[in-house]
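Have a look at the structure below before the remarks.
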Amino acid sequence: MAKRRKVGNPLALAVLAELVAEPMHPYEMGRRLKEHGKDRDIKYTRSSLYMVVEQLRKAGFVAEQETVRDTQRPERTVFALTEDGRRELDDWMRELVAEPQHEYPLFGVALSLLAVLPPAEAVDLLARRLDALTAQVEEIRARVATATEQGVPWIFLIEDEYRRGVQEAEQRFVAGLIVSLKEPDYLRTWQQFFGSRT
885 MAKRRKVGNP LALAVLAELV AEPMHPYEMG RRLKEHGKDR DIKYTRSSLY MVVEQLRKAG
945 FVAEQETVRD TQRPERTVFA LTEDGRRELD DWMRELVAEP QHEYPLFGVA LSLLAVLPPA
1005 EAVDLLARRL DALTAQVEEI RARVATATEQ GVPWIFLIED EYRRGVQEAE QRFVAGLIVS
1065 LKEPDYLRTW QQFFGSRT
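When the letters of the sequence shown are read in order and numbered with the numbering used here, they come out as residues 885 to 1082.
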């Protein structure tokens, strides 16, 4: 069972992980998250990043290390990971890697309610989704191939490989679902429960 975290936002986890490398200002954290492609997995804005850093500071997971004054830029506070922050990072990562959690993806919600759509429309919409998934898988393949050619170690590409694997599994699922929704038994069942909508 997942622990209740003092700061449970995935962005907080990413901030803690970035601070393992070295102390830095939130602007630098945001730049590195984007540079490392983490913005594809974690949604954030500049203001949400600053808010999470403040939450981590209040929780004792990060601490102000110094304030840098530069005549060309506004004053910037550099944050460092605390010992408690490193323990939280390690504990949280161990939990996420080892323990499957039930998540609530929006597509799962749509699937749970799919029967409200007429079968022919559901098939058309799923075919559009299948096309989009195919394009996304190809985009990921190209990104991984380019990064590999540039010498990026595989460990820094695993989230893309995971995303590709999940999307390929979804492709197979959606293709099978399209076939099932065209079956006479499903069409009869849908007619029985939802009337003559087509």
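Glycine included, C-beta positions come from ideal geometry on N, C-alpha and C.
For clarity, every value in this text was computed on a predicted model and none was experimentally measured.
Alpha helix (DSSP H) segment containing residue i, residue limits
i	result
T1018	1003 to 1033
T1086	Nothing about residue 1086 can be reported from this structure: the residues present for the chain run from 885 to 1082 only.
W976	967 to 982
K890	Looking at the DSSP string, K890 is not in any alpha helix (DSSP H), and its letter there is neither H nor E.
Nearest to residue i (by Cα), restricted to the options the options
i	options	result
T840	L940, I1042, E919	Nothing about residue 840 can be reported from this structure: the residues present for the chain run from 885 to 1082 only.
L1041	P989, D1008, D925	D925
M908	M935, V891, V952	V952
Counted within 10 angstroms of its Cβ, other Cβ atoms place residue i as buried (16 or more) or exposed
i	result
I1039	exposed
M913	buried
L980	exposed
A1029	exposed
Residue i, enclosing beta strand (DSSP E) - first and last residue
i	result
R953	946 to 954
C-alpha distance - residue i paired with residue j, whole-angstrom precision
i	j	result
E1043	F1078	41 Å
V827	E987	Residue coverage of the chain in this structure runs from 885 to 1082, which leaves residue 827 outside it and unanswerable.
L1061	Q1055	10 Å
Q985	R978	13 Å
T961	E906	14 Å
K887	A1004	44 Å
Residues of its chain near residue i, where Cβ-Cβ distance is below 7 Å and the 5 sequence neighbours each way are ignored
i	result
V937	V899, P910, V946, F963
Neighbourhood of residue i by C-beta distance below 8 Å, restricted to the same chain and skipping five residues each side
i	result
L1010	V1058, L1061, I1062, L1065
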